[in-house]
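> Chains as they are written, first to last, in our numbering: chain F, 2 to 72; chain L, 6 to 350; chain H, 602 to 948.
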Amino acid sequence: MCIAIPGKVLSLEGNKAKVDFSGNTVTVNTGLVDPRPGQYVLVHAGCAIEVMEKEKAEELLDIFADLEELR
Amino acid sequence: MKITMAHGGGGKDSADLMKNIFGKHFGNEILDKMEDAALVDPSLFCNTKKEGMGKIACSTDSFVVTPLEFPGGDIGKLCVCGTLNDLLMMGAQPLYITCGFIMEEGLETDLLERIVLSMAETAKEAGVKIIAGDTKVIEGSGGLYINTTGIGHVPSGREIGAANCKKGDKILLSGTLGEHHSCILSARMEIENGIRSDCAFLSDVANALLDADINVRTMRDVTRGGLATVLNEIAESSSCEMVIREKDIPLSAEVKGLTDILGLDPMYMANEGKMIAVIPEKEAERALASVKKTAHGKEAVIIGEVSESLPGSAADTAARVTLITPLGGTRVLDMLYGEGLPRIC
Amino acid sequence: MDTAAVIENLKNYDGPELKLMEVCGTHTASIFKSGIRSMISPAIKLISGPGCPVCVTPAAYIDKCAGYAMKKDHILLTFGDMMKVPGTDGSLSDLKGRGASAELMYSPFEAVERAAAHPETMFVVAAVGFETTAPAYALAIEDAKVRGIKNLKFVTALKTVIPALSLICENQPDIDGFICPGHVSVIIGIRPYERLAAKYKKPFVIAGFEAEHILAVIYDIVRQTKKGEARAKNLYGNAVREQGNIKALDIIKKHFEEGPAMWRGLGIIDRSGLYLKNEGYFDGGSRGLDADIKLPGECRCKDVIVGRINPDECPMFSKGCRPDAPWGPCMVSGEGACGIWYRNRKA
Chain F
2 MCIAIPGKVL
12 SLEGNKAKVD
22 FSGNTVTVNT
32 GLVDPRPGQY
42 VLVHAGCAIE
52 VMEKEKAEEL
62 LDIFADLEEL
72 R
Chain L
6 MKITMAHGGG
16 GKDSADLMKN
26 IFGKHFGNEI
36 LDKMEDAALV
46 DPSLFCNTKK
56 EGMGKIACST
66 DSFVVTPLEF
76 PGGDIGKLCV
86 CGTLNDLLMM
96 GAQPLYITCG
106 FIMEEGLETD
116 LLERIVLSMA
126 ETAKEAGVKI
136 IAGDTKVIEG
146 SGGLYINTTG
156 IGHVPSGREI
166 GAANCKKGDK
176 ILLSGTLGEH
186 HSCILSARME
196 IENGIRSDCA
206 FLSDVANALL
216 DADINVRTMR
226 DVTRGGLATV
236 LNEIAESSSC
246 EMVIREKDIP
256 LSAEVKGLTD
266 ILGLDPMYMA
276 NEGKMIAVIP
286 EKEAERALAS
296 VKKTAHGKEA
306 VIIGEVSESL
316 PGSAADTAAR
326 VTLITPLGGT
336 RVLDMLYGEG
346 LPRIC
Chain H
602 MDTAAVIENL
612 KNYDGPELKL
622 MEVCGTHTAS
632 IFKSGIRSMI
642 SPAIKLISGP
652 GCPVCVTPAA
662 YIDKCAGYAM
672 KKDHILLTFG
682 DMMKVPGTDG
692 SLSDLKGRGA
702 SAELMYSPFE
712 AVERAAAHPE
722 TMFVVAAVGF
732 ETTAPAYALA
742 IEDAKVRGIK
752 NLKFVTALKT
762 VIPALSLICE
772 NQPDIDGFIC
782 PGHVSVIIGI
792 RPYERLAAKY
802 KKPFVIAGFE
812 AEHILAVIYD
822 IVRQTKKGEA
832 RAKNLYGNAV
842 REQGNIKALD
852 IIKKHFEEGP
862 AMWRGLGIID
872 RSGLYLKNEG
882 YFDGGSRGLD
892 ADIKLPGECR
902 CKDVIVGRIN
912 PDECPMFSKG
922 CRPDAPWGPC
932 MVSGEGACGI
942 WYRNRKA
């Protein structure tokens, strides 16, 4: 029910951040998170809702590596 | 029933309106083909039918975009390229164009002149003369709407049309999706990016195919309603089914980023400088090589093929275009419904 | 395991038929976008749940929003999904043709900026969503307060997912596992699912929104049911912390109070609605707005929303009810199960 996508924090100013999504820059509210420039944040409805720990590719590899065998 | 924005979206609502009101009353054997341009037999104007006269192509389009100027172009360049491309898609050489301006009170004349200059330059580059025009002023707040009608010539023997596609034919796409639509949305929503409209006259791509003697089945520019709508329209005209592969569809990172933010699907977004061509299987590689040498076709790619020809015309609810997803799943690509509002949830 | 192996396993699954509910409308959309159903065994049935805030909103709420949109010097701001949903007298989109001022917004912060720029107009926000969006509305209100903006109102129809999940577990014991909403979980964490898993003895696994995320979760649920396990797991650890987002949970507690809410198809569920505390920006929201439009007798919207049937089992599907002529919001909303199924029929 909630589209949210990860973007890279470019700069911070007060309770806002400039976040980059593959070349698109959007100003986002950071009231719910404490990011540093260079980190990725998950953005929903103009609001950063969490700081992402890993790059997506790495994350997916880890998820699959942790899956236990079916048998 | 009242007209809604969905009727202008280029998808199913637009198509229904065409059929139920315009087609119903205007219908004739030329208009009913519903191609990008109408083809007229010029021997009507002669006493004797001459062999080799070809056909006159005629197309009209109206342009209501805002903002009037945007990265990569303006309404002037757009209204010339858009109509000339419609002629090109029928295999016509564009020759003449007319233009009608509806100007709202308050429009700055400096802006108007920039747009008119843009139209003049675009027409000149295309080798086309502007031969008639009209202006009107209405109450408003500085808006501008332009209609252009183009006339061209299809050489004798060239039969390009949406009903021609056959099983095995390949589908060629001239480049990346979504630039024009993304550019306009970004301007309206104040999202900063470097996306420029891809507004362009596509004669280099079209001629790369026609001059190389490729037996092009049909060509269409990818405008309102997006690639999905265009493919569905062709599939319906040809009574066929198509399969295309998502991993082969070129999309720039910036456009993808924007569609992710806004929850849009690039398959339904408008371009103004991209086209598809349906090519017989044996000629596809040669066609691709030829197109890739052109300025507007250097990122061209074969995205799929006509998978099945259906006898007669299939039911309205049959889905004609299937997309193979990057992981190998399949999904149906229908026509656009509604206006494609960006989602949040 | 890698993606190919997981897909292979799911395609060749030959165990008993399993019913997995994907609760979140965004998951419904992702599943179709990636063609996941075409990649897995037909014995693994994915059914759509009520996680589409627009789909579960009764017509009375649309009517209230429409009332504001028709008022002089008022502009209603809403997310795109809400524009097409039928109210008693038509959708917001229909009413625009009759003089209603309803416009799209992309974030509640935009509403604050517009209110600041146009003090002569009252901006009314149709504030729908789940726990993911509630904190954004709260932050927007804090911003408005600090700036002394008064020409702003939030008509909320916010809901929380867990009470609805509980009700589904009570009434539909035939569901074998739940694919849990990734972004709601960013806010609420994993604890609520642990309680549900313990009580109802079913797997609850949190999924992200890429095809790979969803496939991994389907795989894990299939594996758990095979082993007779019933655990809550987080397979979206990159975004979901075990405890959720504490700041977000605090801000929700600060500005909202729980109350009963009407879910189309499920009825009134206690403590499943979030209502703004009265700080001058609230007008009661959807409290008490339970009335709905009269749907035709054959419409099975309320069964589709809880996954009792698939959209194509409703007699009106694609016959009387289509995206261009919808009855229930399931067909209209970008995340409604019926609309998505219709656009993807055949896949």
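All C-beta atoms, glycine included, are put in the ideal place defined by N, C-alpha and C.
Taking 8 Å as the CB-CB cut-off, is F/Phe65 touching chain H?
If you number the first sequence from 1, residue 65 of chain F lands on position 64. By this cut-off, F/Phe65 is an interface position.
> Are the CB atoms of H/Val756 and H/Cys666 nearer to each other than 8 Å?
The count along the third sequence starts at 1 and reaches residue 756 of chain H at position 155. The count along the third sequence starts at 1 and reaches residue 666 of chain H at position 65. Yes, the pair counts as a contact, with Cβ atoms nearer than the cut-off.
> Taking 8 Å as the CB-CB limit, is H/Phe731 close to chain F?
On the third sequence, residue 731 of chain H is found 130 positions in, with the first residue counted as 1. True, the Cβ-Cβ gap to chain F drops below 8 Å.
> Just to make sure I have the definition right: I need the residues of chain L whose C-beta is within less than 7 Å of the C-beta of H/Ser635. Which are they?
Walking along the third sequence from the start, residue 635 of chain H turns up at place 34. Identification of chain L residues near H/Ser635 by a Cβ-Cβ cut-off of 7 Å yields Thr330, Leu332 and Gly334, ordered along the chain.
> For a quick check, are the C-beta atoms of L/Ile284 and L/Leu177 less than 8 Å apart?
Numbered from its first residue, the second sequence carries residue 284 of chain L at position 279. Numbered from its first residue, the second sequence carries residue 177 of chain L at position 172. Taking C-beta atoms as the reference points, L/Ile284 and L/Leu177 count as a pair closer than 8 Å.
> Would you please verify whether the beta carbon of F/Lys17 is less than 8 Å from any beta carbon of chain L?
The residue labelled residue 17 of chain F in the question sits at position 16 within the first sequence. Judged by the 8 Å Cβ criterion, F/Lys17 is not in contact with chain L.
> Which residues in chain H sit within 8 Å of F/Leu33, going by Cβ to Cβ distance?
Position 32 of the first sequence holds residue 33 of chain F. The answer, in chain order, is Pro736, Leu740, Asn846, Lys848, Ala849 and Ile852.
> Just to confirm my understanding: we take H/Gly700, look at its own chain, exclude 5 residues before and 5 after, and list those with CB closer than 7 Å. What are they?
Counting from one through the third sequence, the residue named residue 700 of chain H turns up at place 99. Contacts found: Met671.
> Tell me the start and end of each unbroken alpha helix (DSSP H) in the segment 880-910 of chain H that is at least 4 residues and wholly inside, in chain order.
902-906
> Mind listing, in chain order, the continuous beta strand (DSSP E) runs of no fewer than 3 residues lying wholly within the segment 73-117 of chain L?
Segments of the beta strand (DSSP E) lying fully in the segment 73-117 of chain L: 98-109.
> Which of the three DSSP states is assigned to H/Gly688 in this structure?
Reading the third sequence from its first residue, position 87 is the one you call residue 688 of chain H. Of the three classes helix, strand and coil, the one that applies to H/Gly688 here is strand, per DSSP.
> Strictly below 7 Å CB to CB, what residues from chain H border L/Lys17?
Position 12 of the second sequence holds residue 17 of chain L. Chain H residues near L/Lys17: Asp925.
> For chain L, is any of its Cβ atoms less than 8 Å away from the one on F/Ser23?
Residue 23 of chain F sits at position 22 when you count from the first residue of the first sequence. Yes, contact with chain L.
> Have a look at H/Cys653 and H/Gln825 and give me their C-alpha separation to the nearest angstrom.
The residue given as residue 653 of chain H occupies position 52 in the third sequence. The residue given as residue 825 of chain H occupies position 224 in the third sequence. Rounded to whole angstroms, H/Cys653 and H/Gln825 show a C-alpha spacing of 27 Å.
> Using a C-beta cutoff of 8 Å, does H/Arg824 count as contacting chain F?
Residue mapping note: residue 824 of chain H aligns to position 223 of the third sequence, counting from 1. Yes, H/Arg824 counts as interfacial toward chain F.
> Just to confirm my understanding: we take L/Thr223, look at its own chain, exclude 5 residues before and 5 after, and list those with CB closer than 7 Å. What are they?
Within the second sequence, residue 223 of chain L is the residue found at index 218, counting from 1. Ile165, Gly166, Ala167, Asn169, Cys170, Ile239 and Val283.
> What residues of chain F sit near H/Asn839, judged by a beta carbon separation below 7 Å?
Along the third sequence, one-based indexing puts residue 839 of chain H at 238. Within 7 Å Cβ-Cβ: Met53, Glu54, Lys55 and Glu60.
> Taking 8 Å as the limit between beta carbons, can you name the residues of its chain near L/Val337, skipping five residues before and five after?
Along the second sequence, one-based indexing puts residue 337 of chain L at 332. Ala324, Val326, Thr327 and Leu328.
> Under 9 Å between beta-carbons, which chain L residues line up against F/Ile50? List them in chain order, please.
Stepping through the first sequence from its first residue, residue 50 of chain F is reached at position 49. Those within 9 Å of F/Ile50 in chain L number zero; the least Cβ separation is about 13 Å.
> Mind checking who L/Asn169 pairs with in its DSSP beta bridge?
For the purposes of this step, residue 169 of chain L is taken as residue 164 along the second sequence, with counting starting at 1. In DSSP, L/Asn169 forms no bridge with anything.
> By the criterion of Cβ-Cβ separation under 7 Å, what are the contact partners of F/Val10 in chain L?
By 1-based counting over the first sequence, the position of residue 10 of chain F is 9. In chain order: nothing, as chain L lies at least about 15 Å away.
> So for H/Phe755, helix, strand or coil by DSSP?
As a first step, residue 755 of chain H is located in the third sequence; it is residue number 154 there, counting from the start. Assignment of H/Phe755 by DSSP, reduced to helix, strand and coil, places it in the strand class.
> Please state whether the Cβ-Cβ distance between L/Arg250 and L/Gly77 is less than 8 Å.
Your numbering for residue 250 of chain L matches position 245 in the second sequence. Your numbering for residue 77 of chain L matches position 72 in the second sequence. L/Gly77 is positioned such that its CB atom lies no closer than 8 Å to that of L/Arg250.
> Leaving out five residues on either side along the sequence, give the residues of the same chain with a beta carbon under 7 Å from the beta carbon of L/Glu40.
Your numbering for residue 40 of chain L matches position 35 in the second sequence. Taken in chain order, the residues that qualify are Met95, Gly166 and Ala167.
> Note down, in chain order, each residue of its chain lying with its Cβ closer than 8 Å to the Cβ of H/Cys931, except the 5 sequence neighbours on either side.
In the third sequence, the residue the question calls residue 931 of chain H occupies position 330. Same-chain partners within the cutoff: Cys653, Cys656, Cys902, Val905, Ile906, Pro912, Gly937, Ala938, Cys939 and Gly940.
> Taking Cβ-Cβ distances below 8 Å as the criterion, which residues of the segment 169-196 of chain L are in contact with chain H?
Flagged, chain order: Met194.
> How close, in whole Å, do the beta carbons of L/Ala275 and L/His185 come, if the pair is a contact with beta carbons under 8 Å?
Translated into the one-based positions of the second sequence, residue 275 of chain L becomes position 270. Translated into the one-based positions of the second sequence, residue 185 of chain L becomes position 180. The pair is a contact, with the Cβ atoms about 5 Å apart (cut-off 8 Å).
> In angstroms, rounded to a whole number, what distance separates the CA positions of H/Val818 and H/Asp884?
As a first step, residue 818 of chain H must be located in the third sequence, where it is residue number 217. As a first step, residue 884 of chain H must be located in the third sequence, where it is residue number 283. Straight-line Cα distance between these residues: approximately 41 Å.
> Of the residues that make up the segment 751-764 of chain H, which ones have a beta carbon closer than 7 Å to any beta carbon in chain L?
Taken residue by residue, none of the segment 751-764 of chain H has a beta-carbon sitting less than 7 Å from a beta-carbon on chain L.
> Do the CB positions of L/Asp66 and L/Gly32 come within less than 8 Å of each other?
Here residue 66 of chain L refers to the residue found at position 61 when the second sequence is read from its first residue. Here residue 32 of chain L refers to the residue found at position 27 when the second sequence is read from its first residue. For L/Asp66 and L/Gly32, no; Cβs fall outside 8 Å.
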